[in-house]
Every structure is written in structure tokens, then in C-alpha cells.
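Chemist: Residue numbers (our numbering), protein chains in the order written: chain W, 3 to 359; chain D, 3 to 359.
The beta-carbon is built from N, C-alpha and C at its ideal position, and this holds for glycine as well.
The structure under discussion is supplied below as C-alpha cells; questions concerning it will follow.
Written out as C-alpha cells, the structure reads:
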């Protein structure tokens with residue numbers, strides 16, 4: 003099924019208003035954030051998350067209507083307590099305040115505690131970058147990852163997103179989980195009954211595994227042992243300790259600087275989801291004339307785009323290009339919704355009384 | 003051979019003064035930076051670099067005596083032109099000014115162009131962190147790395163270093179090349195006539211190779227094609243595009259924001275080395291009471307240290323611990339110098355007229 007961008011926003015917003023108890027502003031930003039992910043061909047973070055968002059309300063991890071609060075601030079920083087509210091709304095609120103401070107002071111940083119899932123990290127980095135700033139967005143997540151030489155899950159997928167403006171309104175937009183792959187990729191191998199690649203996960207003993215089916219079972223059956231590896235895989239041979247270090251860096255920026263919960267303590271009954279974020283904004287003109295910098299960034303990226311490709315490869319992609327091109331296509335031809343997500347949307351359509359198209 | 007810390011500093015400083023034409027202050031900081039790397043058991047960045055540093059002077063890439071200059075600044079930022087001077091001196095000078103600004107404004111960032119090799123990135127991040135700040139240090143390097151789906155060398159090893167203070171004067175200190183491994187690791191496999199692991203390098207066609215001997219030859223014989231892969235390896239299956247993205251991020255922060263040369267254009271005859279850096283300093287008390295934050299960071303790290311290990315593993319290391327422990331050992335028992343480096347030091351001893359011990 004394909005749906006137009008505007009229709010998907012309207013449908014999602016209405017569902018959130020009628021069935022989730024979201025306020026107007028919570029529903030509006032959440033619908034836009036989820037639709038953007040689908041439009042960019044990142045369906046793992048699109049409207050399929052409506053199921054997860056509802057479970058979070060049912061489990062008292064997310065409380066629509068809660069207002070974020072600034073609990074510490076300076077001219078270049080703020081710490082926000084999200085009071086377990088709606089993640090996308092808390093992120094929008096916090097990012098807006100970060101941009102305001104950076105407009106004044108040149109740069110600003112924001113640590114957020116007691117929040118919830120905020121959609122694709124890259125969208126927040128991009129929102130900042132559209133103000134001729136370098137934008138940064140990090141978040142911890144539910145625990146799923148294993149440190150180098152460990153076997154207990156202690157970190158989230160802990161993504162890093164950084165956006166840097168290029169000329170002609172283009173952006174370098176890196177948005178990457180520090181885990182090697184998202185869990186959804188394991189599920190694909192499980193469904194196809196194939197072994198998954200080495201370097202994705204370890205079993206309950208902390209030993210690398212390619213058994214997707216066994217890992218898929220373990221992942222849900224056992225809350226503590228075995229889990230995802232970080233970029234670089236198992237041990238140190240291919241740099242797994244570096245990926246683990248990046249995940250830990252994200253954890254310290256988000257949970258450490260907000261005095262919030264770490265991934266290890268997220269989603270505990272009676273305590274809120276405990277998701278934490280970190281945002282950064284740095285005006286380009288801290289370093290020169292904004293136009294000169296965007297041209298120079300463009301020159302550096304262009305040299306890489308134009309580099310010769312490996313045999314049998316057609317193109318070197320700069321980060322964010324695939325998603326930006328998918329978005330153009332979605333706006334023109336509609337957003338593709340897969341069958342599983344369609345089923346979810348159909349049931350929400352029935353419940354809310356609004357049709358998708 | 004082992005040498006005491008103080009003797010290695012004195013020896014190195016004297017060599018730089020007598021044989022390299024370094025000024026007193028250039029020689030002093032460079033000797034300390036190189037000795038620190040050896041003391042931390044990072045010999046690739048220790049006094050063995052004296053050879054490389056001399057070649058850079060001979061090739062007119064580095065010009066001892068050149069003074070760095072601020073070419074753009076705001077209360078929270080500065081851009082430095084190193085005028086092809088001594089890398090460690092330019093870094094020390096730039097980091098000191100960054101810390102001064104951050105003391106005043108809460109946070110500050112510094113982009114540096116026309117510099118040279120500045121030793122281990124982690125040392126600069128640590129220097130900042132010792133002021134109760136989060137410290138960041140990035141640098142581009144000589145070109146050696148291949149973008150995902152490419153075959154031309156267009157990026158350096160482009161390390162990321164971030165230091166975050168923990169209680170009891172400890173630091174989380176991540177210092178990692180974004181390339182999967184340093185070139186020195188390939189050399190070890192070549193010497194031992196063994197295939198190297200997959201995910202380290204591609205050949206001249208951009209195809210993954212495990213042939214260490216052939217790659218070692220290619221790396222020096224061909225300046226353009228084939229080179230190192232970034233964290234995550236070849237293609238996207240294990241996240242190679244993420245490592246490439248991190249390397250590109252470092253390039254844009256260092257070369258982009260300084261309006262400097264990118265790794266692709268470094269070390270061109272008549273143009274200086276063209277190495278660029280980026281430093282960041284962010285006071286901890288932007289986010290709360292500094293002591294509370296260090297305690298909380300300590301709690302998060304302690305939970306990870308105490309996690310259960312994988313079978314046959316003894317310890318989960320937090321980033322920076324191995325190096326900090328090696329340093330304690332070196333201060334007590336002397337710094338180990340391998341035979342190849344000893345040969346270099348012996349020849350420099352003869353030339354300069356100072357003995358090592």
C-alpha cells in the first residue's frame with residue numbers, strides 16, 4: 003500500500019488524539035516525526051512504532067500530557083526533565099530551546115532525562131542544522147547491547163546523529179546506531195532460516211553467534227544475558243571495543259549529563275521508561291562566514307562523491323543522501339507501507355474511526 | 003630496553019633541540035607528548051615518530067619556529083592557522099586557548115588548519131578534561147582510507163578522542179581511529195606471512211583482501227587505489243558505512259570548519275602537510291554540580307565494569323583504563339622501547355651527543 007505524506011500525517015495524528023490520549027501538540031509532532039521516517043524509507047522508526055508507543059502508555063512508561071521542565075540552565079546549556087512525557091514532544095521542545103540559546107550564544111547543549119522514544123535521531127540533528135548550525139542528537143534506548151568481553155546487556159543501541167550544512171541546502175546527515183545492526187535485521191534472518199553474519203550478536207555466554215533463530219529466542223526470553231554487539235563486532239580484532247566505546251560515550255552524554263537513568267535501568271516497572279537524550283547546536287559562523295564554510299564542506303563531499311567506485315559498485319553515497327532521495331520519491335509517489343504495518347494501521351483505523359486514505 | 007620517563011623526555015627534547023631545529027617550547031611539548039604515548043603503551047605514536055617528524059621537516063611539510071595565529075574568533079570559538087609549524091606545539095597552544103575560552107563562556111571549540119601530526123589525540127582530550135570539562139580532540143591524517151563502495155584513498159585514519167571526568171580523578175577516555183586498524187597491524191601480519199582478518203582493507207579494485215603482503219606492497223607503491231577500511235569493514239553488512247561516516251564527520255569538523263585541506267590533499271609538495279584538527283571543551287557544570295555529575299558518570303561506568311564477563315574473559319575494560327594502568331607501570335618500572343625504536347634512538351644519540359640513559 004502507498005499513502006500520501008499528508009494523509010499519513012493526518013491519520014496518525016487523529017489516532018494519537020482519539021486513541022492514545024495525546025494532546026494536540028503531542029499528536030501533531032509525533033505524527034510528523036513518524037511519517038518522516040517512513041518517507042525516508044526508515045520504516046523501523048515510522049508509523050509501525052505506534053504499537054510500541056501504545057504499549058509504553060499501557061505500561062505507564064509514557065504519560066501523555068506531562069510537560070517538560072528545565073531543571074538547570076546556563077546561557078549555553080540546559081537540562082530538561084521530561085517527566086515521562088511523549089518523547090517526540092519533549093525532543094521538539096528541548097531542541098527548540100537549544101536552538102534559541104545557540105542563536106544568542108553561538109552554541110548550546112541540552113541533556114534530557116525521563117523522556118521516551120523520540121523517533122529518528124537524525125531528524126533532530128537536521129532540525130538544528132536548518133538554522134545554519136551543526137546539529138547533534140544522541141539518545142540511549144532500551145538495553146540490548148553487550149560490552150566488549152562481557153555477556154550482560156548493559157547498553158542500548160545508542161545512536162549518534164550529526165548534521166552539517168552543505169551548499170544548496172544539502173546536509174551531511176550521519177544517523178547511525180552504534181550497535182552493529184538493528185534487531186529487525188536479525189528477525190529477517192530468523193524468518194528466512196539463515197545464519198546471520200558474524201559480528202552482530204553474542205549468545206548467553208558472551209560468545210559470538212550466527213544462529214539467528216536461537217538468538218531471536220534468547221533476546222526475548224532472557225532479559226539479561228546475550229545481546230547485540232557494537233560496531234566492529236566481537237573482541238578487538240575488528241575494533242569492537244571502539245563501537246562499544248562510542249555506545250558508552252552516547253550513554254555518558256545522555257544519561258550521565260542529565261543525571262538520568264542509564265540504558266541498563268530503562269523500562270523498569272513503576273519508574274518510567276527513563277530514556278535520555280543529548281542535543282547540541284553550534285552556529286557555523288563560529289568558524290567563518292557561513293557561506294564559505296558550506297562551500298568548503300561541499301567541496302570536500304564532492305571530491306568523495308566523485309571518487310572511483312569499487313568494481314561492481316555504482317555509487318559512493320554521502321550520509322543522508324539515500325534517505326533524502328527516498329523522501330523526494332515518497333512525496334511524489336506516496337509512502338510505501340508494508341503488510342504488517344498496514345494490518346496495524348487497519349486496526350487503528352477501525353478503532354479511531356478515521357480511514358487511512 | 004627500558005628507559006625512565008624523565009630520561010626519555012630529556013633525551014627526546016635534546017634531540018629535537020640539537021638536530022631538528024625545534025625551539026625550546028616546541029621541543030619541550032613534543033618530547034612530553036611522544037613520551038606519554040610510549041608510557042601508555044601506544045608505541046606507534048611514541049618516540050618512534052621521531053623519524054617521521056624529521057622527514058616532515060626535510061620535505062618542508064613541517065617548519066619549526068612557525069607561530070600559530072588566530073584567524074577568526076568569537077567568545078566560544080576560534081580558528082587557528084598553524085602556518086605549517088610543529089603539530090604538538092600548535093595543539094598545545096590551541097587547546098590552551100580553547101580551555102581559556104571555555105572557562106569564561108562555559109564551552110568553546112577550535113578548528114585548526116595547516117598543522118602537523120600532534121601525537122595521540124587522547125592526550126589533548128585529557129588535557130581539557132583535567133579542567134572539569136568534557137574534552138574532545140579530532141584530527142585528519144595522511145590519506146589512507148576508502149569510502150564504502152569506493153576504491154580511491156580519500157580520507158585519513160581520522161581519530162575521535164573524547165574524555166569525560168569520573169570521580170576520583172579518573173577519566174573515561176575514548177581515543178580511536180575511525181579506520182578499523184592502524185597500518186602497523188597490517189605490517190605485523192605481513193612480517194609473520196599470515197593472512198590478515200577480513201574487514202581491514204581493500205585492494206586496488208576496492209575489493210576486500212586478506213593478503214597482508216600484497217596490501218603492504220600496494221599501500222606504498224600506489225598512492226591512489228586500495229587502502230584501509232573504516233570501522234565496520236567492507237560494504238554495509240557489518241556497518242562499514244557507519245565507520246566511513248564517522249571518518250567523514252571528523253574530516254568535516256577538522257578540515258571543513260577550519261577551511262583547511264582535507265586528508266585527500268595532505269602532504270603535497272610545496273603545500274605543507276595540511277593537517278587539520280578540531281578541539282572542544284565543555285564545562286561539566288553546564289549540566290549540574292560538577293561533583294554530582296562525576297559521581298553519576300562513575301556509577302554508570304562502575305555498573306559496566308562489574309558486569310559479568312564472557313566465558314574465558316577476565317575483565318571488561320572501560321576506555322582509557324589499559325593505557326592509564328600501563329602509564330602507572332611505566333612510571334614505576336620504566337618505559338619499554340622495542341628494538342627497532344632503540345636503533346633509531348641510538349643513531350639520534352650519536353648525532354646529538356646525548357646518551358639515552
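Please state whether DSSP places residue 227 of chain W in a helix, a strand or coil.
Modeler: Start at 1 with the first residue of the first chain, and residue 227 of chain W comes out as number 225. It is a strand residue.
Chemist: Please name the residue in D/235, D/236, D/233, D/217 whose C-alpha comes closest to that of residue 227 of chain D.
Modeler: Position 225 of the second chain holds residue 227 of chain D. Per the Cα distances, D/217.
Chemist: Can you round the beta-carbon distance between residue 241 of chain D and residue 182 of chain W to whole angstroms, since I take them to be within the 8 Å contact cut?
Modeler: Here residue 241 of chain D is taken as the residue at index 239 of the second chain, counted from 1. Here residue 182 of chain W is taken as the residue at index 180 of the first chain, counted from 1. Indeed, because the Cβ distance is near 5 Å, the residues count as touching under 8 Å.
Chemist: Is the shortest distance between the beta-carbon of residue 270 of chain W and the beta-carbons of chain D less than 7 Å?
Modeler: Working through the first chain from its first residue, we reach residue 270 of chain W at position 268. No - not a single Cβ of chain D is within 7 Å of the one on residue 270 of chain W.
Chemist: According to DSSP, which residues form a beta bridge with residue 117 of chain W?
Modeler: If you number the first chain from 1, residue 117 of chain W lands on position 115. Paired residue(s): W/277.
Chemist: What residue does the alpha helix (DSSP H) around residue 37 of chain D start on, and which one ends it?
Modeler: Translated into positions along the second chain, residue 37 of chain D becomes position 35. Per DSSP, residue 37 of chain D belongs to the alpha helix (DSSP H) from 26 to 41.
Chemist: For the beta strand (DSSP E) containing residue 83 of chain W, list its first residue and its last residue.
Modeler: Working through the first chain from its first residue, we reach residue 83 of chain W at position 81. Counting along the chain, the beta strand (DSSP E) containing residue 83 of chain W begins and ends at 79 to 83.
Chemist: Using the Cα positions of residue 350 of chain W and residue 133 of chain W, report the straight-line distance between them to the nearest angstrom.
Modeler: To locate residue 350 of chain W, count along the first chain from 1; it is residue 348. To locate residue 133 of chain W, count along the first chain from 1; it is residue 131. Looking at the two C-alpha atoms, the distance is approximately 36 Å.
Chemist: Determine whether the beta carbon atoms of residue 131 of chain W and residue 139 of chain W lie at a separation below 7 Å.
Modeler: For the purposes of this step, residue 131 of chain W is taken as residue 129 along the first chain, with counting starting at 1. For the purposes of this step, residue 139 of chain W is taken as residue 137 along the first chain, with counting starting at 1. Not closer than 7 Å, so no.
Chemist: Do residue 302 of chain D and residue 264 of chain W come within 7 Å of each other at the CB atom, strictly closer than that value?
Modeler: Position 262 of the first chain, counting from 1, holds the residue named residue 264 of chain W. Position 300 of the second chain, counting from 1, holds the residue named residue 302 of chain D. Yes, Cβ-Cβ distance for residue 264 of chain W and residue 302 of chain D is below 7 Å.
Chemist: Please tell me whether residue 137 of chain W has its Cβ less than 7 Å away from any Cβ of chain D.
Modeler: Residue 137 of chain W sits at position 135 when you count from the first residue of the first chain. No, because no Cβ of chain D sits closer than 7 Å to the Cβ of residue 137 of chain W.
Chemist: For residue 207 of chain W, go through chain D and note every residue whose CB falls closer than 7 Å to its CB, in chain order.
Modeler: As a working note, residue 207 of chain W is residue 205 in the first chain. The answer, in chain order, is 312, 313.
Chemist: Report, in whole angstroms, the separation of the C-beta atoms of residue 208 of chain D and residue 148 of chain D, which I expect to be a contact under 8 Å.
Modeler: Sequence index remark: in the second chain, residue 208 of chain D carries index 206 (1-based). Sequence index remark: in the second chain, residue 148 of chain D carries index 146 (1-based). Correct: roughly 7 Å between the Cβ atoms.
Chemist: 7 Å is my cut-off, CB to CB: does residue 151 of chain W come that close to chain D?
Modeler: Here the question's residue 151 of chain W lines up with position 149 in the first chain. Interface residue, yes.
Chemist: Closer than 6 Å by C-beta to residue 3 of chain D: which residues in its own chain qualify, once you throw out the five before and the five after it? Chain order, please.
Modeler: By 1-based counting over the second chain, the position of residue 3 of chain D is 1. Hits under 6 Å: 339, 344.
Chemist: Which ranges does the beta strand (DSSP E) cover as unbroken runs of at least 3 residues, wholly within the region 139 to 204 of chain W, from first to last along the chain?
Modeler: Runs of the beta strand (DSSP E) inside the region 139 to 204 of chain W: 162 to 167, 173 to 178.
Chemist: How about the region 107 to 117 of chain W and the region 76 to 89 of chain W: do they share at least three Cβ pairs that are nearer than 8 Å?
Modeler: Yes, the region 107 to 117 of chain W is in contact with the region 76 to 89 of chain W.
Chemist: Output yes if chain W places a C-beta closer than 7 Å to the C-beta of residue 74 of chain D; else output no.
Modeler: Here the question's residue 74 of chain D lines up with position 72 in the second chain. Chain W contact via Cβ: present.
Chemist: Output yes if chain D places a C-beta closer than 7 Å to the C-beta of residue 108 of chain W; else output no.
Modeler: The residue given as residue 108 of chain W occupies position 106 in the first chain. Residue 108 of chain W counts as touching chain D.
Chemist: If you draw a straight line from the alpha carbon of residue 196 of chain D to that of residue 201 of chain W, how long is it in whole angstroms?
Modeler: Along the second chain, one-based indexing puts residue 196 of chain D at 194. Along the first chain, one-based indexing puts residue 201 of chain W at 199. Looking at the two C-alpha atoms, the distance is approximately 22 Å.
Chemist: Are the region 265 to 274 of chain W and the region 92 to 109 of chain W in contact at 8 Å, needing three or more beta carbon pairs?
Modeler: The answer is no - the region 92 to 109 of chain W does not touch the region 265 to 274 of chain W, with fewer than three Cβ pairs under 8 Å.
Chemist: Among W/100, W/188, W/155, whose alpha-carbon lies nearest the alpha-carbon of residue 214 of chain W?
Modeler: As a first step, residue 214 of chain W must be located in the first chain, where it is residue number 212. Out of W/100, W/188, W/155, W/188 has the C-alpha closest to the C-alpha of residue 214 of chain W.
Chemist: Quick check on residue 257 of chain W: buried or exposed, where buried means 16 or more other Cβ atoms within 10 Å of its Cβ?
Modeler: As a position in the first chain, residue 257 of chain W is number 255, starting the count at 1. It is buried - the Cβ of residue 257 of chain W has at least 16 other Cβ atoms within 10 Å.
Chemist: Give a yes or no on whether the minimum CB-CB distance between residue 198 of chain D and chain W is below 7 Å.
Modeler: Here residue 198 of chain D refers to the residue found at position 196 when the second chain is read from its first residue. Not an interface residue.
Chemist: Could you have a look at residue 102 of chain W and say whether DSSP puts it in helix, strand or coil?
Modeler: For the purposes of this step, residue 102 of chain W is taken as the residue at position 100 of the first chain. Correct three-state label for residue 102 of chain W: helix.
Chemist: Taking 7 Å as the CB-CB cut-off, is residue 82 of chain W touching chain D?
Modeler: Position 80 of the first chain, counting from 1, holds the residue named residue 82 of chain W. No, its Cβ sits nowhere closer than 7 Å to a Cβ of chain D.
Chemist: Evaluate residue 154 of chain D with the Cβ neighbour count: other Cβ atoms within 10 Å of its Cβ, from every protein chain shown; 16 or more gives buried, anything less gives exposed.
Modeler: Mapped onto the second chain, residue 154 of chain D falls at position 152. Flag for residue 154 of chain D reads buried.
Chemist: Between W/320, W/146, W/162, W/76, which lies nearest to residue 137 of chain W when the distance is taken from Cα to Cα?
Modeler: Counting from 1 along the first chain, the entry for residue 137 of chain W is found at position 135. Residue 137 of chain W has its Cα closest to that of W/162, out of W/320, W/146, W/162, W/76.
Chemist: What span of residues does the alpha helix (DSSP H) with residue 16 of chain D cover, start to end?
Modeler: Taking the second chain and counting its residues from 1, one reaches residue 16 of chain D at position 14. Looking at the DSSP string, the run of the alpha helix (DSSP H) that includes residue 16 of chain D is 7 to 21.
Chemist: If we call anything under 7 Å between Cβ atoms a contact, is residue 66 of chain W one with residue 82 of chain W?
Modeler: To locate residue 66 of chain W, count along the first chain from 1; it is residue 64. To locate residue 82 of chain W, count along the first chain from 1; it is residue 80. No, the Cβ-Cβ distance between residue 66 of chain W and residue 82 of chain W is not below 7 Å.
Chemist: For residue 211 of chain W, tell me which candidate among W/353, W/229, W/224, W/223 has the shortest Cα-Cα distance.
Modeler: As a first step, residue 211 of chain W must be located in the first chain, where it is residue number 209. Checked all of W/353, W/229, W/224, W/223; the closest Cα to residue 211 of chain W is W/229.
Chemist: If we define contact as Cβ-Cβ less than 7 Å, is residue 321 of chain D a contact residue for chain W?
Modeler: Sequence index remark: in the second chain, residue 321 of chain D carries index 319 (1-based). Residue 321 of chain D counts as touching chain W.
Chemist: Report the neighbours of residue 317 of chain W on chain D: residues whose CB is nearer than 8 Å to its CB, in chain order.
Modeler: Taking the first residue of the first chain as position 1, residue 317 of chain W is located at position 315. Result: 151.
Chemist: What does residue 178 of chain W reach in chain D if we use C-beta pairs closer than 7 Å?
Modeler: Position 176 of the first chain, counted from the first residue, corresponds to residue 178 of chain W. Under the 7 Å cutoff, chain D gives 244, 247.
Chemist: Could you tell me which chain W residues have their CB closer than 9 Å to the CB of residue 293 of chain D, listed as they occur along the chain?
Modeler: To locate residue 293 of chain D, count along the second chain from 1; it is residue 291. None at all; the shortest Cβ gap to chain W is about 12 Å.
Chemist: Quick check: what's the CA-CA separation for residue 298 of chain D versus residue 174 of chain D?
Modeler: Your numbering for residue 298 of chain D matches position 296 in the second chain. Your numbering for residue 174 of chain D matches position 172 in the second chain. Cα-Cα distance, rounded: 13 Å.
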